[in-house]
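Number of protein chains: 6
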Amino acid sequence: MATLPILQDHELSSEAAQLLNEIRAVRNTDYVNHFWRVIANHPAQARLIWDQLQTVMAPGALDPLTKELIYVAVSAANNCEYCVHSHTASAKQRGMTPEMYKELIEVIAMASQTNALANAMQVPVDDCFLADQGGD
Amino acid sequence: MATLPILQDHELSSEAAQLLNEIRAVRNTDYVNHFWRVIANHPAQARLIWDQLQTVMAPGALDPLTKELIYVAVSAANNCEYCVHSHTASAKQRGMTPEMYKELIEVIAMASQTNALANAMQVPVDDCFLADQGGD
Amino acid sequence: MATLPILQDHELSSEAAQLLNEIRAVRNTDYVNHFWRVIANHPAQARLIWDQLQTVMAPGALDPLTKELIYVAVSAANNCEYCVHSHTASAKQRGMTPEMYKELIEVIAMASQTNALANAMQVPVDDCFLADQGGD
Amino acid sequence: MATLPILQDHELSSEAAQLLNEIRAVRNTDYVNHFWRVIANHPAQARLIWDQLQTVMAPGALDPLTKELIYVAVSAANNCEYCVHSHTASAKQRGMTPEMYKELIEVIAMASQTNALANAMQVPVDDCFLADQGGD
Amino acid sequence: MATLPILQDHELSSEAAQLLNEIRAVRNTDYVNHFWRVIANHPAQARLIWDQLQTVMAPGALDPLTKELIYVAVSAANNCEYCVHSHTASAKQRGMTPEMYKELIEVIAMASQTNALANAMQVPVDDCFLADQGGD
Amino acid sequence: MATLPILQDHELSSEAAQLLNEIRAVRNTDYVNHFWRVIANHPAQARLIWDQLQTVMAPGALDPLTKELIYVAVSAANNCEYCVHSHTASAKQRGMTPEMYKELIEVIAMASQTNALANAMQVPVDDCFLADQGGD
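Residue numbers (this note's numbering), protein chains in the order written: chain A, 12 to 147; chain B, 12 to 147; chain C, 12 to 147; chain D, 12 to 147; chain E, 12 to 147; chain F, 12 to 147.
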């Protein structure tokens, strides 16, 4: 039901097959989800996205679970059904508890509500929030 | 430039004045930002939003800084200029370092990119991501 | 297929069971729709949303049908499949005729079109539309 | 600051000049707002949008004020700054009272909040909401 | 599953039947897709949309394939599942090759990523991008 | 007014300075726009985005102008003020004529209108549009 075939293993180009094996190894599971089997139709693009994702989601100043929570929040706001499901699953795998999930949902709902209020009333930004008055 | 006046202190109803004083006390600052001075035109609604915000953003399974990061992410995805500025400022006040901010931005950009890919290709959700097959 | 179970009656906490009975009584029907059975996983949040909804959607300066029309319009613009369906059904129950529905759809489509035009051409707001030139 | 010039009267093509005079006559004011002066760069498109707008916003099963409230709601959800301001002004001209405006804002905020909840939890639509099970 | 019936041929009003026959003739196929069978519940609106679509998508300074690519891009950004599918199919019919489709997807993803970056960091527009400093 | 400083040349890290010089060389102009001066606060991210942009926007099966038109369309749909302005300017530089621009705007408006109609009526996708019935 995607706009491109969900490629099975025997349909993959050698580059795509190599990428899917890498995904299996990193995730320690044989299952490779639809997103990668669809974007595998474009192996170079799939490689770029995977590499960027590994870099962005690696532990840093923010831990991987916090990053997944942020990912779910953006996906919900953009109403990406696929990404909401896949990253909610990822967040659970990285240790999101039911209580954390409850609070994540609450913050998403709260923010969406005040976003709507600020946009509907077109509240002008306070000068004190503007970090940089400079520029050319 | 809002659709309602940005009320000055002497223009507030007694309920609104009381709320703004409460905001000052909780935040330990005399400054009350535009959002509250605009929504103060509707004192009962302002009270409801403030109380809900205090509950939702309180420490719980997620700490207040993590909640602010999620708030910024939703506000950026919804492109609420006011909320992006006000909650980026709040996140800084709650300890967001420049490195954390860099990573927050990266995750928002990454998620927006893969949201667009999944939506453009209409990737169907994998069965294994579906938490609940039940229902009536 | 939600990210949380669609709770059946025997799976509800006592708080959630009480809320669902209240929903049945207010709506005068035994059927409780999925939204409440999913959010019932978080009984306190479900209670808050229900109470807020009852207050917001009550007759006031705007009648309940007009409020439902506005609800459908926001839900369509945010592309919330669930909310479009549930609030279109609610609007019909509150008396939305086929002709009203036709006009509702027309206004949503018209607004979406001119929103896109104004955003694509970045038309600056006329001074005369700005209600409040004040501020601090 | 638009991507196209905000045309002054002496810069208008004859078709555009005629349209702006028609707008003045219908609205009973000399002032023509930026949207029309920008889209006037494309006179045929401007004419099409104006005619469609006159038809869609005319009194029908829904009165013009209700239509303006819906227009504001869609524009807020799409975060079209221009349209929020211009249609909030139109709604006031058509009789929107401060109390009606308060309730409009409340419904927009409420809907945005439950839209976010339904999207974040991916609540599946109840069968009973589906108006038409047919199709080919 | 639409909010209105997907009308079968024998359920059409005479105006709607005439429109569907016109669609068949223009497209040189007997199949008429769901969008038209749903909006056919409102024959006058269906006629308006069809006529506007024929005008807008006709060859001009941009060729019909380029117009379809733009249509898919907007539909993906708005996450309209129906329109993504129907206009991706139209683009293929008008000659979109797999390589073109790959690049279309890449640009959509790239733009969504930088849109998110610019919105998250609220980058102010450079003066040199502003086409028109005029206005009244 | 960004959430990060708009860096002047003397404030750049050596990596960022090198990137900005590369941008100047590729574009054959001394002027470097705000987006790059803001994201230059995160030199590694800036480098990644720039390199990805050069790859994605290079001539391929789609020419650079067509890619810019698609970029503007996505940016308008996402209502990214910055990107609408900067990519409309880029499109003009790559040869977009006033007539092409008019048609671009028309397609964006048309698509936004039918997106809203399909979402508001929740039209189900026709089987014949579904490219791939496979999957695991």
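Even glycine gets a Cβ: it sits at the ideal position worked out from N, Cα and C.
Give the secondary structure of Y42 of chain C by DSSP, where H, G and I count as helix, E and B as strand, and everything else as coil. By 1-based counting over the third sequence, the position of residue 42 of chain C is 31. Judged by DSSP in its simplified three-state form, Y42 of chain C adopts coil rather than helix or strand.
Along the region 125-138 of chain A, where does the CB come closer than 9 Å to a CB of chain D? Name the residues. Against chain D - using a Cβ distance shorter than 9 Å - the residues of the region 125-138 of chain A are T125, N126, A127, L128, N130, A131, M132 and Q133.
Keeping to the same chain, check which residues put their C-beta closer than 6 Å to that of L115 of chain A; ignore five residues upstream and five downstream. The sequence position of residue 115 of chain A within the first sequence is 104, counting from 1. Cβ neighbours of L115 of chain A beyond the five flanking positions: L80.
So that I know if they touch, is there some Cβ in chain B lying closer than 8 Å to that of G106 of chain A? In the first sequence, counting from the first residue as 1, residue 106 of chain A sits at position 95. By this cut-off, G106 of chain A is not an interface position.
Against Q63 of chain F, what residues of chain E qualify as contacts under a CB-to-CB distance less than 7 Å, listed in chain order? Residue 63 of chain F sits at position 52 when you count from the first residue of the sixth sequence. What Q63 of chain F touches in chain E: M121.
Looking at R35 of chain E and the ligand SAH, is the gap between the Cβ and the nearest heavy atom below 7 Å? In terms of ligand content, the structure shown is empty, and the ligand SAH therefore cannot be addressed.
Every unbroken alpha helix (DSSP H) inside the region 34-103 of chain A [4 residues or more]: The region 34-103 of chain A contains these whole alpha helix (DSSP H) runs: 45-50, 54-68 and 75-88.
Can you tell me whether H53 of chain D is buried or exposed? The criterion is at least 16 other CB atoms within 10 Å of its CB, across all chains shown. As a position in the fourth sequence, residue 53 of chain D is number 42, starting the count at 1. With 16 or more other Cβ atoms within 10 Å, it is buried.
Cα-Cα separation between Y93 of chain B and L141 of chain A, rounded to whole angstroms: Counting from one through the second sequence, the residue named residue 93 of chain B turns up at place 82. Counting from one through the first sequence, the residue named residue 141 of chain A turns up at place 130. Distance between the alpha carbons of Y93 of chain B and L141 of chain A: 10 Å.
Minimum length 4: unbroken alpha helix (DSSP H) runs contained in the region 109-140 of chain D: Counting whole runs of 4 or more residues, the region 109-140 of chain D contains the alpha helix (DSSP H) stretches 109-132.
Quick one: grab the DSSP three-state call for S25 of chain E. Against the fifth sequence, residue 25 of chain E aligns to sequence position 14. Helix at S25 of chain E.
For the region 79-93 of chain F, enumerate the residues whose C-beta is nearer than 8 Å to any C-beta of chain E, in chain order. Of all residues in the region 79-93 of chain F, only L80, I81, Y82, A84, V85, S86, A87, A88, N89, C91, E92 and Y93 place a beta-carbon less than 8 Å from a beta-carbon of chain E.
Length of the line joining the Cα atoms of V49 of chain F and A27 of chain F: Your numbering for residue 49 of chain F matches position 38 in the sixth sequence. Your numbering for residue 27 of chain F matches position 16 in the sixth sequence. Roughly 11 Å between the two C-alpha positions.
Tell me the rounded alpha-carbon separation between N89 of chain F and Q63 of chain B. Walking along the sixth sequence from the start, residue 89 of chain F turns up at place 78. Walking along the second sequence from the start, residue 63 of chain B turns up at place 52. Here the alpha carbon of N89 of chain F sits roughly 29 Å from the alpha carbon of Q63 of chain B.
Please report whether the beta-carbon of L141 of chain C lies at a distance below 8 Å from any beta-carbon of chain B. Within the third sequence, residue 141 of chain C is the residue found at index 130, counting from 1. Yes - at least one Cβ of chain B is within 8 Å of the one on L141 of chain C.
Where does L18 of chain A fall in DSSP's three states? Residue mapping note: residue 18 of chain A aligns to position 7 of the first sequence, counting from 1. Note: L18 of chain A maps to coil in three-state DSSP.
Chain D beta carbons: is any one of them nearer than 8 Å to that of H53 of chain B? Walking along the second sequence from the start, residue 53 of chain B turns up at place 42. At a cut-off of 8 Å between C-beta atoms, H53 of chain B counts as an interface residue with respect to chain D.
Would a check of beta-carbon distances place M151 of chain B closer than 8 Å to chain C? This structure does not reach residue 151 of chain B, given that chain B is present from 12 up to 147, and the question cannot be answered.
Is the beta carbon of Q133 of chain F less than 8 Å from the beta carbon of A55 of chain E? Here residue 133 of chain F is taken as the residue at index 122 of the sixth sequence, counted from 1. Here residue 55 of chain E is taken as the residue at index 44 of the fifth sequence, counted from 1. Going by C-beta atoms, Q133 of chain F is not nearer than 8 Å to A55 of chain E.
If we define contact as Cβ-Cβ less than 8 Å, is S24 of chain F a contact residue for chain E? In the sixth sequence, counting from the first residue as 1, residue 24 of chain F sits at position 13. Between S24 of chain F and chain E, the shortest Cβ-Cβ separation is not below 8 Å.
Is H45 of chain E buried or exposed, if buried means 16 or more other CB atoms sit within 10 Å of its CB? As a position in the fifth sequence, residue 45 of chain E is number 34, starting the count at 1. With 16 or more Cβ atoms within 10 Å of its Cβ, H45 of chain E is classed as buried.
Measuring only the C-alpha atoms, how far is S86 of chain C from K103 of chain D? Position 75 of the third sequence, counting from 1, holds the residue named residue 86 of chain C. Position 92 of the fourth sequence, counting from 1, holds the residue named residue 103 of chain D. So the two alpha carbons sit approximately 23 Å from each other.
Taking 8 Å as the threshold, find out whether the region 105-124 of chain C comes into contact with the region 105-121 of chain E through three or more Cβ pairs. The region 105-124 of chain C, when compared against the region 105-121 of chain E, does not touch it at the 8 Å Cβ threshold.
Rounded straight-line distance, which links the Cα of S25 of chain E to that of G145 of chain C: As a first step, residue 145 of chain C is located in the third sequence; it is residue number 134 there, counting from the start. As a first step, residue 25 of chain E is located in the fifth sequence; it is residue number 14 there, counting from the start. Its pLDDT being 41, under 50, G145 of chain C is placed unreliably in this model, and the value from its coordinates should be taken loosely. Between G145 of chain C and S25 of chain E, the alpha-carbon positions lie close to 57 Å from each other.
Kindly confirm or deny that the region 58-74 of chain A and the region 64-71 of chain B touch, where touching means at least three C-beta pairs closer than 8 Å. The region 58-74 of chain A vs the region 64-71 of chain B: no contact.
Could you check whether Q124 of chain E and S101 of chain B sit closer than 8 Å to each other, using their CB atoms as the reference points? The residue labelled residue 101 of chain B in the question sits at position 90 within the second sequence. The residue labelled residue 124 of chain E in the question sits at position 113 within the fifth sequence. No, the pair does not count as a contact, with Cβ atoms beyond the cut-off.
So, I119 of chain E versus A84 of chain E, is the Cβ gap smaller than 8 Å? Numbered from 1 along the fifth sequence, position 108 holds the residue referred to as residue 119 of chain E. Numbered from 1 along the fifth sequence, position 73 holds the residue referred to as residue 84 of chain E. Between I119 of chain E and A84 of chain E, the gap from beta carbon to beta carbon is short of 8 Å.
Run down chain E in chain order and give the residues with a C-beta less than 7 Å from the C-beta of A15 of chain F. Within the sixth sequence, residue 15 of chain F is the residue found at index 4, counting from 1. The residue asked about is misnamed: residue 15 of chain F is Leu in this sequence, not Ala. Going along chain E in sequence order, the residues near L15 of chain F (Cβ under 7 Å) are M132.
If we cut at 8 Å on Cβ distances, does L115 of chain B have a partner in chain H? Within the model displayed, chain H is absent; protein chains A, B, C, D, E and F are what it includes.
Less than 8 Å between the CB atoms is what I'm expecting for N130 of chain D and C91 of chain C, so what's the real figure, rounded? Taking the fourth sequence and counting its residues from 1, one reaches residue 130 of chain D at position 119. Taking the third sequence and counting its residues from 1, one reaches residue 91 of chain C at position 80. Confirmed, about 6 Å.
Taking C-beta pairs closer than 9 Å, name the residues in chain E that H96 of chain C reaches, listed in chain order. For the purposes of this step, residue 96 of chain C is identified with residue 85 of the third sequence, where counting begins at 1. The answer, in chain order, is M12 and T14.
Could you give the C-beta distance for L30 of chain B and A57 of chain B, rounded to a whole number, given that I count them as a contact under 8 Å? Residue 30 of chain B sits at position 19 when you count from the first residue of the second sequence. Residue 57 of chain B sits at position 46 when you count from the first residue of the second sequence. Indeed they touch by this definition, with Cβ atoms about 6 Å apart.
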